[in-house]
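Positions -17 to -1, 1 to 667 (mature numbering (1 follows the signal peptide of the UniProt record, and there is no 0)) are the ones given, in order, by the sequence shown.
Taking it in order: structure first as structure tokens, then the write-up.
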Amino acid sequence: MAAVVLAALLPVPCALAAGDGIATRGATGGLTIPSGSVLQHGDAAFTASDFQEPALGSNTRRRDLTFGIGLAPNFELFGRYANYENPIPGSTAANGLRDISANVKLKLPRLWRHQPDLAIGVTDLGGGATNFGSTYFVASDRLGWLDWTLGYARAGALLREARNPKTFDGVFGGLQLRAGESGLSAIAEYDGQQKFAGVRYRSPSIQYLAGTRLELSVLRSFGARDPAGRDVDRTSAAVSVIVPLEQIAERPRTFRPERALRAADSQSSAMGATPEDRLEALQRALVASGMERVRVGTLDRDLVVEYENHVFGQTEADALGVVLGLAAELAPAGTSRLRAVTLKAGLPMYVTSAGVAEYRSFLRSADSGSVSGSLAVDGFKAHQAERVSWQAALPGRRNFAHFQLEPELVNTVATELAVFDYSLAANLKSFFPLWRGAEFHTSYVQRLSSTENFEPGNFFGAFRHRNGLKVAALQQSFWLGSHVLVSAGVGRYRYDNFGVEVESTMFMPGGRDVIRLKGATYERNPGESRAQAMPLSASYRWAPAPHTWVEAGLQQYTDGTRGPSIVLTRWFGEVGANLFVRRGGTRTFGGFELTIPLTPRRGADLAGFTLNGTPQFTKGVRTRIVSGSGVNFVELGGVLDFPLQYNAEQRLLNGGHVSEKYFISRLHRMREAFYLYARDRLPE
């Protein structure tokens, strides 16, 4: 295991080779077999096809869907959904195979100059329905316009029945002939059991789709037989979409403003203004850019800005880019350093500072070398408001309400009852600022749609969204000392229950690692145990890098069970990929989730209120981890991480991204935000 982890961390080239595509079984490779390459770090690939494992015969409905992501350098993770059945008219029940599986592949480091790409992989990782399980070793390389693949796989029998044949077992290999740089190629391969041939087209990066690539494949099996010996040769087609999440996150590095700034040493019409005039101009520009509770002043040779952001919904880095950019350009002569104090509900959270000269140079040149060494993030104690000479005694305007609209989705996938069941609702959350650190918040849920199995009295009826006021509570947030943030709420929760919720975040030395405590207690519903109405969680989050988190802890889940949990999160900008394992009692669940911002970069700032979507919408799939002979029961409410109705980390701490290294990593996005949303606020 140590060797595997070491290999994954070694900085060897891991880009998807020019001739490699996405195999229908869920891996980087040929038509059906994997190659020695992996997805480029941060690439996400979705494939839809009508491929069916030939050894399973031929069904009238054939769906094969895969989703993969380059989770780390040299490592890819794929999920696969296979549905092979002959549907019964008027019924959604399974009449064939419905399978969800996970595949992983690790690319090995290069040990000599002309070494081919080498990888090891596992398909259909363990569970109660391991139908396509296989382990393999593969090598691949290219000779001019010809790519070759050779490997060995060891598999179990299909559907775990010894009398059934195996798929993807034995020596496998393939050849791919590329037609120059056209993106077209012809492929012939053998998976150890079956022969395939086909053609593939891979598009170049489509710039107006953020560098997304498309891939089209057509393949046919030759000499395929089902277990009864019948000929089951068929032609299949596949379409893949590859989205470069990491590349998208880094696009601000190449941003070019439409209106460049004057040279740092040139004179503008505002340069002759008095320091007071410049502070007033800065205050007006910040308010016009959407900032609330704005206050500007000076402390020795520092320019201090207090601000609260509710309009830039994806990340606080956008708001900070606007604040620091305007402050750098409008700072009075002689100012050496900028200090931006981030407020939430009027409560100081942290202080971000940078040198004026370094930041002005960065805005013009996009060279972050000097400003990254100048930028610092400190705790709220670094802000000494009583020592600041403020331009105005009171802060600027604030909106009376902040609204957040987000979807709520409960679903099942690939059960015996249906391919996909769901209950979909819209949740309108309202936040009304009161005194310092206090907000009154509500949550109103409106069901939009649901499948028949989520109707009352049916299989999943208990999990159908309920219309009405779900939450109405008072929330108070405050600091205990300089490193512990506490947020506590009291009011009406879960539609009918009086309750209390508390969340605490303790920042460890260095500012990146945190200890998180969450707990709630509610009035019990009929038939509910005390443990079910009192979810608890204690965890430690280790952040070795601003884009990588490992969080481990203990929980008392909402089903009343207790146990450990561990979550690995890899961030690609504002998109997060989460791998998790949670154990409650005797049951263990594992799965994958994707976190994406469902809100525009800049929300609506209307007359007295703001409107945004959710900055972090998380959805994924999970499965119960059992032995190969076990049964994977559907348990929608079992061993779930419980969400507090007021997410203090999301509301107050930028979703957990408040470290110095995080903001340094987002400097180019901060610069881009200034030019897009604040450049026009500067006087000429």
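We put the beta carbon where it would ideally sit given N, CA and C, even for glycine.
Every value quoted in this text rests on a predicted model; they were computed, and no experiment measured them.
Fewer than three Cβ pairs drawn from the segment 66 to 74 and the segment 51 to 58 lie within less than 8 Å of each other, which leaves the two stretches out of contact. For Ala243, there is no enclosing beta strand (DSSP E), since its DSSP letter is neither H nor E. When C-beta atoms of the segment 434 to 444 are compared with those of the segment 392 to 405, three or more pairs fall below 8 Å, so the two segments count as touching. Out of Leu307, Pro529 and His24, the CA that lies nearest to the CA of Leu665 is found in Leu307. If you ignore the 5 residues before and after Ile103, its C-beta comes within less than 6 Å of the C-beta of Leu89 and Phe120, all in its own chain and listed in chain order. Spanning the alpha carbons of Glu422 and Ile225 requires a straight line of approximately 42 Å.
DSSP links Pro416 through a beta bridge to Glu422. A check of alpha carbon separations from Ser186 across Phe446, Ser470, Thr597 and Gly4 identifies Gly4 as the nearest.
Residue burial annotation: Leu537 is exposed, with fewer than 16 other C-beta atoms found within 10 angstroms of its C-beta. One alpha carbon belongs to Gly559, the other to Glu534, and they sit about 14 Å apart. Between Thr335 and Arg320, the C-beta gap is not smaller than 9 Å, which leaves the two residues out of contact. The alpha carbon of Val469 has as its nearest neighbour, out of Asp404, Asn630 and Leu577, the alpha carbon of Asn630. Here Gly574 carries a strand assignment [DSSP, helix/strand/coil]. When the beta-carbon positions are compared, Gly40 and Pro227 stay at least 9 Å from each other. Contact check between the segment 616 to 626 and the segment 206 to 219: fewer than three CB pairs, one atom from each, fall below 8 Å, which does not count as touching. Annotated as proximal: Arg183 and Leu199, with beta-carbon spacing under 9 Å. DSSP assignment within the segment 273 to 345 yields the following whole alpha helix (DSSP H) runs of 4 residues or more, N-terminal first: 299 to 313. In the structure shown, Phe442 adopts coil according to DSSP, grouped into three states.
For Leu133, the CB contacts under 6 Å within the same chain, skipping 5 residues up- and downstream, are Ala122 and Gly156 in chain order.
Looking at Gly127, Arg137 and Phe555, the one whose alpha-carbon comes closest to that of Arg161 is Gly127. For Arg566, same chain residues with a beta-carbon under 6 Å away, outside a window of 5 residues either side, are Gly546 and Pro547 in chain order. DSSP places Ile231 in the uninterrupted alpha helix (DSSP H) bounded by Leu228 to Ala232.
Assignment of His385 by DSSP, reduced to helix, strand and coil, places it in the strand class.
From the listed residues Arg63, Leu80 and Gly62, the smallest Cα separation to Pro70 is found for Leu80. Of Arg477, His530 and Thr488, the smallest CA-CA separation from Leu463 is found for Thr488. Taking a cut-off of 8 Å on C-beta distances, the segment 295 to 306 touches the segment 587 to 607, as three or more cross pairs fall below it.
A straight line joining the alpha-carbon of Val270 with that of Leu589 spans about 13 Å. Ala521 and Tyr505 do not touch by the CB rule: their CB atoms are close to 19 Å apart, not below 8 Å. Between Ala445 and Phe414 the beta-carbon gap is near 30 Å, outside 8 Å, which marks them as no contact. Taking 8 Å as the upper bound for CB-CB distance, Ala661 and Val305 are in contact here, some 4 Å apart.
In this structure, the alpha-carbon of Ser355 lies about 18 Å from that of Asp285. Here DSSP, grouped into helix, strand and coil, assigns Asn394 to strand.
Secondary structure note for Phe646: it is in no beta strand (DSSP E), and the uninterrupted alpha helix (DSSP H) holding it is Glu643 to Ser648. Ser355: member of the alpha helix (DSSP H) spanning Gly352 to Ser357, first to last residue. Rounded to whole angstroms, Lys602 and Gly212 show a C-alpha spacing of 42 Å. For Pro92, the closest alpha carbon among the candidates Gly352, Gly19 and Tyr540 is that of Gly19.
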